[in-house]
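Okay, so here's the structure we're looking at.
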Ligand SMILES: Cc1cc2nc3c(=O)[nH]c(=O)nc-3n(C[C@H](O)[C@H](O)[C@H](O)COP(=O)(O)OP(=O)(O)OC[C@H]3O[C@@H](n4cnc5c(N)ncnc54)[C@H](O)[C@@H]3O)c2cc1C
Ligand SMILES: Nc1ncnc2c1ncn2[C@@H]1O[C@H](COP(=O)(O)O)[C@@H](O)[C@H]1O
């Protein structure tokens, strides 16, 4: 099988995020960059399919020079080759358009994305990519079997779980629960250094980037007013005081 | 010129979901400011009877695609139908709920309509005739103002954040046939497995009581469930509790779980890790019950009690019982 996994480099979830003074973006100094956690599930699913069916896994990432580290991480996990699209910070539509241009040349049987990137929290790129490639999609997938040219995916929705069938090729966006991503082994890391990575810019992909969604300004989150700690030694008294505050002050119960 | 504020109404099993009224109300507000109309796209099978409910929340016109092919939600069928009617009418603004379905449908429409979308917004305004969407990014560590440079200007709205406000309009029904050839539909819902019935959906709950590693086990959640029963609340969990196998993944709140915005969130035995805060920091009131006064959850809490939850929760239940 010919398999693609899209991987995005994002700040580690623990990273302190500071908005630049002019609100144009975040301060990148001191941030530890990692593979988007949901993309790890996508890479793992891709590797499992390859192990079961043979074939090749290509990882594709769009981002500045440092995104290469994330491609190498996926190669160290076991992916065969990479494509690095050297475009920095564009909106979801243009990201998907660039990924689509790169993926078309690979002509995969199945494409994995994460259900959401934890930096922009958009949850859009996988679906847009599917539309631009004209193939079906199943998003937020927690279970997957692929056989006879079809994908059967489990998708949790509010209060239920769906089993959805899609013909290949299709886009699957991975959710926690799909699998347990493997760690890169030491030999894997050594081998990754020799695996091929194609580097392409917008011109090489034949696309032009015209932003459709624009960040006007970033700000730190609104401050919450300092809270009240209900002190005292008696659990019953404190609990009664809390109940009273919730009813009379907050008016939420 | 692009004109009109549009929403996609979300229904399941023949009933509108709560978020539909929230987006209708948000759309009404924008439309009044712009002096334009609110149109809702309603897709489903046997759902015409739902149109008046949308009108009650400020919808002027309901564009209805009613056909057996829409009995189950599938991305391909719904997205093709909505894209067609929105394009034909040159919509200026298009809003959806940031529910599982709304996120999926919205993103697929972005591809079909070649436009931009602000996801999971917590506030909308009009500036110079255009929509400005405000949304958390980086798990709520940053807020961004986003403008959409193309049409329709799309946004998904976080459930439970925008108030549903009654504001009755005509709700004229316009039927349309998206003319989707059956072979254009690729995905199929083979099965729908309902969760244990009667459970309140976390993303729609007004009150959530969550338990973390401090709960110590599955059975101990009974004390949270008893209080939840009294308050009509849903019970959630931290990832530590889910990973320990005490609660299913569908109950997890946080970055890798659900994003919730209840009126009241009571965190019991939860430390308040940044990934947990990512899922609940837009709650209106936050209560923390934790025996460690240094726990970061207290920095976000409106009310806190530093004590053993196994002492406090039963007393809180008793106090609430007396009160209600
Ligand atoms: C990529 C990534 C994604 C993640 N996503 C999520 C997510 O979606 N949701 C999530 O919740 N976490 C998530 N996490 C995990 C997160 O970092 C924390 O590990 C987790 O939230 C901790 O859960 P907890 O607060 O229940 O446990 P702990 O941090 O262990 O806290 C337990 C708390 O209970 C208190 N306690 C113990 N006993 C009692 C008692 N008897 N009475 C009162 N208090 C008591 C303790 O003082 C302590 O503060 C994620 C982590 C990563 C790396
Ligand atoms: N710059 C990128 N490079 C590669 N894949 C990406 C990029 N941006 C988004 N994706 C993929 O699309 C998914 C959803 O991203 P988003 O829509 O930004 O939340 C991610 O989990 C990735 O799999």
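Residue numbers (our numbering), protein chains in the order written: chain A, 1 to 253; chain B, 254 to 577. Just so you know, even glycine gets a beta-carbon here, dropped at the ideal spot from N, CA and C. Computed from a predicted structure; not experimentally measured.
Can you find the residues in the same chain that come closer than 6 Å, C-beta to C-beta, to residue i, ignoring five residues on each side of it along the sequence?
i, result
"residue 420 of chain B", "281 and 311"
"residue 371 of chain B", "386, 388, 399 and 408"
"residue 425 of chain B", "314"
"residue 378 of chain B", "385"
"residue 518 of chain B", "461, 533, 536 and 539"
"residue 428 of chain B", "317"
"residue 484 of chain B", "460"
"residue 363 of chain B", "370"
Just to confirm my understanding: we take residue i, look at its own chain, exclude 5 residues before and 5 after, and list those with CB closer than 8 Å. What are they?
i, result
"residue 417 of chain B", "271, 274, 275, 277, 278 and 310"
"residue 120 of chain A", "92"
Would you say the beta carbon of residue i is closer than 7 Å to some non-hydrogen atom of ligand 1?
i, result
"residue 37 of chain A", "yes"
"residue 327 of chain B", "no"
"residue 505 of chain B", "yes"
"residue 509 of chain B", "yes"
"residue 493 of chain B", "yes"
"residue 524 of chain B", "yes"
"residue 528 of chain B", "yes"
"residue 548 of chain B", "yes"
"residue 70 of chain A", "no"
Short of 7 Å in beta carbon distance, which residues of its chain neighbour residue i, apart from the five on each side in sequence? Order them along the chain.
i, result
"residue 132 of chain A", "96, 97 and 100"
"residue 321 of chain B", "298"
"residue 422 of chain B", "308, 311, 312 and 313"
List the residues that DSSP assigns as beta-bridge partners of residue i.
i, result
"residue 543 of chain B", "B/559"
"residue 156 of chain A", "A/161"
"residue 259 of chain B", "B/292 and B/347"
"residue 217 of chain A", "B/398"
"residue 528 of chain B", "None; residue 528 of chain B has no bridge partner."
"residue 9 of chain A", "A/35"
"residue 2 of chain A", "A/56"
"residue 173 of chain A", "A/113"
"residue 208 of chain A", "The partner list for residue 208 of chain A (beta bridge, DSSP) is empty, contrary to what the question assumes."
"residue 383 of chain B", "B/380"
"residue 445 of chain B", "A/162"
"residue 371 of chain B", "B/408"
"residue 145 of chain A", "A/152"
"residue 62 of chain A", "A/85"
Flag residue i as yes when its Cβ comes closer than 7 Å to any non-hydrogen atom of ligand 2, and as no otherwise.
i, result
"residue 57 of chain A", "no"
"residue 141 of chain A", "no"
"residue 441 of chain B", "no"
"residue 182 of chain A", "no"
"residue 300 of chain B", "no"
"residue 54 of chain A", "no"
"residue 256 of chain A", "As displayed, chain A neither begins before 1 nor continues past 253, which places residue 256 of chain A out of reach and without an answer."
"residue 270 of chain B", "no"
"residue 275 of chain B", "no"
**Prompt:** Which of the residues in the segment 547 to 560 of chain B, read from start to end, lie with their CB under 9 Å from any CB of chain A?
**Reply:** Correct list: 551, 552, 553, 554, 555, 556, 557, 558, 559 and 560.
**Message:** Taking 8 Å as the cut-off, does the segment 41 to 61 of chain A touch the segment 78 to 90 of chain A (at least 3 CB pairs, one atom from each stretch)?
**Reply:** The segment 78 to 90 of chain A makes contact with the segment 41 to 61 of chain A, as at least three CB pairs between them are under 8 Å.
**Interfacial residues, the segment 363 to 380 of chain B to chain A, with Cβ spacing under 8 Å** = So the list reads 363, 364, 365, 367, 368, 369, 370, 371, 372 and 373, given in the order they occur along the chain.
**Item:** Sufficient close CB pairs (3 or more, under 8 Å) joining the segment 518 to 526 of chain B to the segment 534 to 550 of chain B
**Value:** The answer is yes - the segment 534 to 550 of chain B touches the segment 518 to 526 of chain B, with three or more Cβ pairs under 8 Å.
**Request:** Could you please tell me which residues of the segment 423 to 450 of chain B, in chain order, have their CB closer than 8 Å to any CB of chain A?
**Result:** Within the segment 423 to 450 of chain B, the qualifying residues are 439, 440, 441, 442, 443, 444, 445, 446, 447 and 448.
**Request:** Mind checking the segment 81 to 110 of chain A against chain B and listing, in chain order, the residues whose C-beta falls within less than 8 Å of any C-beta there?
**Result:** Answer set for the segment 81 to 110 of chain A: 91, 92, 93 and 96.
**Item:** Inter-stretch contact (C-beta, 8 Å, three-pair minimum) for the segment 473 to 480 of chain B and the segment 191 to 210 of chain A
**Value:** Counting C-beta pairs closer than 8 Å gives fewer than three between the segment 473 to 480 of chain B and the segment 191 to 210 of chain A, which falls short of the contact rule.
**Prompt:** Using 8 Å as the Cβ pair cut-off and three pairs as the minimum, do the segment 172 to 180 of chain A and the segment 42 to 50 of chain A touch?
**Reply:** The way I'd put it, the segment 172 to 180 of chain A does touch the segment 42 to 50 of chain A; three or more beta-carbon pairs between them come closer than 8 Å.
**Message:** Does the contact criterion of 3 or more C-beta pairs under 8 Å hold for the segment 114 to 129 of chain A versus the segment 143 to 156 of chain A?
**Reply:** No: the two stretches stay apart, fewer than three of their Cβ pairs being nearer than 8 Å.
**Prompt:** Which of the residues in the segment 155 to 173 of chain A, read from start to end, lie with their CB under 7 Å from any CB of chain B?
**Reply:** Taking 7 Å as the cut-off between beta carbons, the residues of the segment 155 to 173 of chain A near chain B are 156, 157, 158, 159, 160, 161, 162, 163, 164, 165, 166 and 167, in sequence order.
**Request:** For the segment 492 to 519 of chain B, enumerate the residues whose C-beta is nearer than 7 Å to any C-beta of chain A, in chain order.
**Result:** Only 502, 503, 508, 509, 516 and 517 from the segment 492 to 519 of chain B bring a Cβ to less than 7 Å from some Cβ of chain A.
**Request:** Output, in sequence order along the chain, the residues in the segment 195 to 228 of chain A whose CB is closer than 9 Å to any CB in chain B.
**Result:** Per Cβ criterion, the list reads 210, 211, 212, 213, 214, 215, 216, 217, 218, 219, 220, 221, 222, 224, 225, 226, 227 and 228.
**Prompt:** Are at least three pairs of beta-carbons, each pair with one atom in the segment 487 to 497 of chain B and one in the segment 141 to 151 of chain A, less than 8 Å apart?
**Reply:** Flag = no, the segment 487 to 497 of chain B and the segment 141 to 151 of chain A do not touch.
**Item:** At least three beta-carbon pairs within less than 8 Å, the segment 443 to 450 of chain B to the segment 162 to 172 of chain A
**Value:** At 8 Å Cβ cutoff, the stretches touch.
**Message:** Please list, in chain order, the residues of the segment 32 to 52 of chain A that have any C-beta partner in chain B closer than 9 Å.
**Reply:** Only those residues of the segment 32 to 52 of chain A whose C-beta falls short of 9 Å from the nearest C-beta of chain B are listed: 37 and 38.
**Request:** Taking 8 Å as the threshold, find out whether the segment 234 to 252 of chain A comes into contact with the segment 46 to 56 of chain A through three or more Cβ pairs.
**Result:** Between the segment 234 to 252 of chain A and the segment 46 to 56 of chain A there are fewer than three inter-stretch CB-CB distances shorter than 8 Å, so the stretches are not counted as touching.
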